[in-house]
C-alpha cells in the first residue's frame with residue numbers, strides 16, 4: 032500500500048504543477064493575443080486545464096492522506112465531480128459567449144479570411 036501511496040502523491044503533485052503551468056500559459060496568452068476570440072480561447076484553456084488538472088491532482092492527494100479518515104473519499108469524489116462539471120460546462124459557456132458576440136457583431140476580426148456563419152461579414 033505504501034508504494035501505491037507514493038505513486039499517487041507523485042502523480043497528484045505533477046497534476047497540480049501541470050495545472051499551474053496551464054493557468055500561467057493561459058494568462059500569458061490572454062495578455063498577448065489581440066482579438067476577442069483568441070483571448071476567449073486562452074481564457075477557456077486556462078479555465079479548463081488550469082482547474083481540471085489541479086482538481087484531479089487534489090483528489091489523488093486526498094486519497095493518500097490517512098489523517099482524513101473516511102473523509103478523504105468524500106474530498107476525492109467531490110474533486111472528481113467538480114472536475115467533470117468544469118470539463119463539461121466551460122466549453123459550453125465559452126461557445127455560447129463566442130456565438131452571441133458573433134451574432135451581435137461586437138468583436139470584428141481584421142483581417143477577416145473566412146466566416147462560415149455569416150459570409151457577408153467578410154465581404
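Residue numbers (my numbering): 32 to 154.
Heads up, the beta-carbon is just placed ideally off N, CA and C, and yes, glycines get one too.
| Item | Value |
| --- | --- |
| Selection from 99, 94, 47 and 149 that minimises the alpha carbon distance to residue 80 | 47 |
| Distance between beta carbons of residue 83 and residue 117, contact taken as under 8 Å | 6 Å |
| Cβ separation of residue 148 and residue 126, assumed to be a contact under 8 Å, to the nearest whole Å | The pair is not a contact, with the Cβ atoms about 12 Å apart (cut-off 8 Å). |
| CB contact flag (residue 92, residue 43, <8 Å) | yes |
| Test item: CB-CB of residue 167 and residue 54 under 8 Å | Residue 167 falls outside the range modelled here, since the chain spans only 32 to 154, and no answer is possible. |
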